[in-house]
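From first to last, the protein sequence lines are chains A and B.
Add 159 to the 1-based position in the first sequence for my numbering, that's all there is to it.
Add 622 to the 1-based position in the second sequence for my numbering, that's all there is to it.
Even for Gly, the Cβ is constructed at its ideal location relative to N, Cα and C.
Scroll down for the structure; my scribbles are underneath it.
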Amino acid sequence: MNRPVTWQLILYMTCVLIGLHLLKPYFSSHQQPWFFLSTILFSLSSLFQCNKKNITLVTGILFILLLFLITPLSIDDYSQRIQSISIGFMLSLFCQLVCLVRFSHREFFHEWRYFLNNLNQLADDYFTCLLESEYGTHIYKYERRIHFSKNKIWYSLNKMNYLKNRNSLILRSHANQLIAILFSLGQIRYRISDHTVFLVCRSDLQNLQDAIAQCFRAQSNLSRSCSIELDKLNKAIKHFESTYQSVLQVTSPEPLGILLFIFDLYRLHNELREIDLNEYSI
Amino acid sequence: MTTIIAMTVGIFLKKNNLLWLVLPCVLTCYCVHGRSFRHGLHAIVLMLLIVIFSSWIFEWKTVIIRNEIILFGLFALSGFLVFKKMQHSYISDLTYVGVISLFCAYLFENTIALPHSGLDMMLGGAIGLIGSYVIFPVKLYSEFKLSLLPILHALIEYAKAQRSYFNVKSNDLTKQKYDLQILFVASGNNYPDWIYEPGFNPALRSGFRYFLIKIERVIELFYSIDLCLHDEKLKSIISILEKEIDVVIEKNQELLTIIYNYFSNKIMDIGASDYVSDMVDLEKKLQKHIPLQIEVLDISPEYICLTSLVKNLKNTREVLIDMLAALPNEN
C-alpha cells in the first residue's frame with residue numbers, strides 16, 4: 160500500500176475512531192481495552208508498512224504477546240482477548256480498504272512535492288552554514304542537521320523509485336541530478352576556510368537562499384510555470400557574480416571555491432528551468 | 623538477557639504482576655543505547671510520572687470522557703510519530719517511552735497500586751541501567767564499525783563504476799547511486815545516527831563524529847564527480863585528462879579499500895603506493911591545457927567544469943588521507 164497524504168491520514172484516523180465508537184458497546188469492559196489496543200496498533204502498523212517497515216508489524220505482535228505473557232489470566236479471558244484483537248484487526252483492515260487504497264493514484268506527485276520540500280530544507284541548511292559565523296566552532300550541530308535533511312531526501316527518493324507513473328522515469332532522473340547539484344553546491348562550506356568572506360556577501364547569500372526556496376516551492380506544483388521565480392533566481396545569481404568579480408575575487412583567499420559555487424548555482428538554475436519547460440501530466 | 627534477569631528477580635521476589643518491573647527494564651535498555659546514563663534516568667522518571675498521572679486520572683468518575691481523552695491523545699501522538707517518520711533521537715525515544723507506558727497504564731489500570739508499582743518501576747529501571755552499562759554493555763566501536771562497513775563497500779563499488787565510465791562511455795552510475803541510497807534507507811536504524819546525539823559518550827564522540835562527517839563528505843564528493851563526468855560540456859575536452867583522472871580514481875578506490883580492510887579485519891596495509899604524485903600530475907596537465915588565471919577561466923564553462931572535476935577529485939583524496947591518518951594504530 161502507498162503512503163497517504165495528510166488529509167487521507169486524517170480521514171483514515173477519523174474512520175477508525177468512528178468504528179471504535181460504533182463497536183464499543185458490543186464489548187465488555189474487560190475486552191474493550193484489548194479491542195482498542197489491537198485496532199490502534201494494526202492501524203499504526205499499516206502506516207509503517209506504507210514506509211516499507213514491515214518489521215513494525217512483527218514488533219506490534221510481539222508486544223501483544225509480551226503483554227499476554229506477563230499478565231497471567233484464565234483461558235476464558237485469553238479467548239475473549241483473542242476475539243477482541245481479531246475484531247480490532249478487521250476494523251483496521253476495513254478502514255484501510257475504504258480510505259487509503261482509492262486515493263493512491265496521485266501519490267507520485269505528492270512524493271515529488273515532499274522530495275522538493277526536503278531539497279529546499281537541505282539547501283537552507285547549507286546556506287545556514289555559510290551565514291552563521293559559529294559554524295566553525297559548532298560544526299557537529301550543523302552537520303547533524305544536514306545529515307537528517309539528507310536522510311529525508313533518501314527516503315523520499317527511495318519511495319519515488321517504487322511508484323509507477325507516466326513521468327516517473329524522467330522526474331527521477333531530474334531528482335538525482337538535483338541532489339548531485341546540491342551536494343556540489345554544499346562543498347563551499349569546506350572550500351572557504353575564512354568565514355569572514357561570507358560576511359562580505361551576506362545579503363547576496365540571503366537573496367540566493369530566498370530565491371532558491373521560492374523556486375523549489377513553485378516547482379512543487381508541476382502544473383504551474385515558475386518562470387517568475389526562476390528569473391528571480393537568475394537575477395540573484397547575477398548579483399552574486401558581480402559581487403564576486405568586484406570584491407570577492409580579490410579579497411577571498413580561495414576564489415576558486417566561490418567560482419565553482421557560482422557555476423553550481425547556474426547548474427541548479429538550468430536544471431530547474433528544464434523541469435519547468437517540460438509538461439508533466441498529473 | 624536483561625529482561626530475563628528482571629523477570630527472574632520478579633519471580634524471586636514473588637511479585638504478582640511483573641509488568642511494572644519488566645516494562646521499565648525494557649524501555650530503559652532501549653533508551654540508553656549509545657547514550658549517557660542520564661538519558662536512562664530521564665526515561666525512568668518519565669515512566670514514574672506517567673504512572674502517577676494515570677493513577678490520578680483513573681480516579682475520575684466519568685469513565686467515558688477519561689477513556690476518550692486518553693485514546694485520542696495516544697492515537698494522535700502515535701500517528702504523528704509514525705507519519706512524520708521521526709528519527710531515532712532523544713526526544714522521539716522519550717515520546718515512545720511515554721506512549722507505551724500510557725498504553726500499558728490504560729490497559730492494566732487495575733494493576734497500578736502506588737507506591738508498590740512505583741518501587742517496582744524503579745527496580746526494573748535500575749536493572750535495565752545496570753544491565754546496559756555493567757553486565758551487557760553495548761560495544762560502541764563494534765557497532766560503529768559494523769554500520770560503516772556496508773557504506774564503505776558501496777563507495778568502493780561506486781569508485782569502480784566511475785573508473786569503468788572511461789572504458790564504457792555509455793555506462794551510467796545509476797545502479798551504484800541507487801545502492802548507496804538503498805543503504806541509507808534500508809539500514810534505517812543501522813546507520814550510526816546516535817553518534818550525533820547529545821549525551822553520547824564524550825570520550826568517543828569527537829573521533830566517531832569526525833569519521834562520520836568525513837564519510838558524508840566523500841559521498842557528496844562522489845555525487846559531484848558523477849555530475850561533472852556526465853556533463854555535456856565536458857565531453858569534448860575530457861579526453862585530454864582521461865588517463866590521469868583514471869589513475870586518481872583508482873588510487874582513491876585503493877584508499878577506500880584500505881579503510882574498509884582496517885574496519886573489517888584490522889589490517890592496515892598501505893604498501894608502497896604513492897598517493898601524491900598522481901594528483902600532482904593531474905594538476906600539472908590541467909594547468910597545461912587550461913588558463914591559469916581565474917579571470918580567464920571564468921570565460922569558458924568547459925574549463926570550469928573540468929576544474930570542478932579536478933577539484934572534487936583532489937578534495938576526495940584529501941578527505942581519504944585525513945581519514946586514514948586518523949585511524950588509530952592497533953599495534
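CB contact below 8 Å: residue i versus chain A
i, result
"B/S809", "A caution first: B/S809 carries a pLDDT of 49, below 50, which makes its placement in the model too unreliable to give a value."
"B/I633", "no"
"B/D944", "no"
"B/I926", "yes"
"B/F725", "yes"
"B/L849", "yes"
"B/K933", "yes"
"B/R831", "yes"
"B/S922", "no"
"B/Y718", "no"
"B/Y652", "no"
"B/S846", "yes"
"B/K636", "no"
Residue-level contact to chain B via CB, residue i, 8 Å cutoff
i, result
"A/Q242", "no"
"A/Y299", "yes"
"A/M160", "Low per-residue confidence applies at A/M160: pLDDT is 43, beneath 50, and the placement is therefore not dependable enough to give any value."
"A/I473", "No statement about residue 473 of chain A is possible, as the shown extent of chain A runs from 160 to 441 and does not include it."
"A/L415", "yes"
"A/I434", "no"
"A/H428", "no"
"A/H333", "no"
"A/N213", "Residue placement at A/N213 is flagged as unreliable, the pLDDT there being 47, under the threshold of 50; the coordinate-derived value follows with that caveat. Not an interface residue."
"A/C174", "no"
Under 8 Å from the C-beta of residue i: neighbouring residues of chain A
i, result
"B/E842", "F342, S343, G345, Q346"
"B/R660", "Correct list: empty, because the minimum Cβ distance to chain A is about 19 Å."
"B/Y780", "In chain order: nothing, as chain A lies at least about 13 Å away."
Interface residues of chain A facing residue i [CB-CB closer than 7 Å]
i, result
"B/I835", "E302"
"B/S930", "L419, F422"
Where residue i meets chain B, residues with beta-carbon distance less than 8 Å
i, result
"A/F420", "Under the 8 Å cutoff, chain B gives no residues; its nearest Cβ is about 10 Å from A/F420."
"A/Y349", "R839, N937"
Residue nearest to residue i in terms of C-alpha spacing, selected from the options
i, options, result
"A/P414", "B/K933, B/S899, B/N883", "B/K933"
"A/D353", "A/S343, A/L407, A/S332, A/K391", "A/L407"
"B/L663", "B/M744, B/I889, B/E838, B/G753", "B/M744"
"A/S401", "A/L418, A/I387, A/S386", "A/L418"
"A/I387", "A/L436, A/A339, A/V359", "A/L436"
"A/I338", "A/W313, A/S384, A/V356, A/V359", "A/W313"
"B/S677", "B/L928, B/I633, B/D853, B/F730", "B/F730"
"B/M945", "B/L851, B/Y884, B/A783", "B/Y884"
"B/T929", "B/V898, B/A948, B/I867", "B/I867"
"B/S922", "B/L878, B/K855, B/L640, B/P646", "B/K855"
"B/C726", "B/A748, B/L670, B/G750", "B/L670"
"B/I625", "B/L635, B/N639, B/L649", "Contrary to the premise, residue 625 of chain B reads as Thr rather than Ile in this sequence. Of the listed residues, the one whose Cα sits closest to B/T625 is B/L649."
"B/R831", "A/D283, A/K183, A/I298", "A/I298"
"B/G753", "B/C651, B/L716, B/W642", "B/C651"
"B/E940", "B/K907, B/M901, B/P950, B/L741", "B/M901"
"B/C653", "B/V631, B/V719, B/L949, B/F634", "B/V719"
"B/D896", "B/E872, B/L908, B/K910", "B/E872"
"A/Y171", "A/S238, A/L200, A/C254, A/R350", "A/C254"
Interface residues of chain A facing residue i [CB-CB closer than 9 Å]
i, result
"B/F885", "Chain A residues near B/F885: none, gap ~20 Å exceeds 9 Å."
Within chain B, partners of residue i - CB distance below 7 Å
i, result
"A/H398", "Residues of chain B passing the Cβ test: none, with the nearest at roughly 16 Å."
"A/H306", "Y818, E838"
Expected contact under 8 Å - CB spacing of residue i and residue j to nearest Å
i, j, result
"A/Q190", "A/S243", "4 Å"
"A/Y301", "A/Y294", "5 Å"
"A/Q389", "A/H428", "Residue identity differs from the one stated: residue 389 of chain A is Leu in this sequence, not Gln. Yes, A/L389 and A/H428 are in contact; Cβ-Cβ is about 7 Å, under 8 Å."
"A/Q373", "A/I434", "The Cβ separation is near 15 Å, so there is no contact."
Against chain E: residues of the region 752-778 of chain B by CB proximity under 7 Å: Structure shown: chain E not included; protein chains present are A and B.
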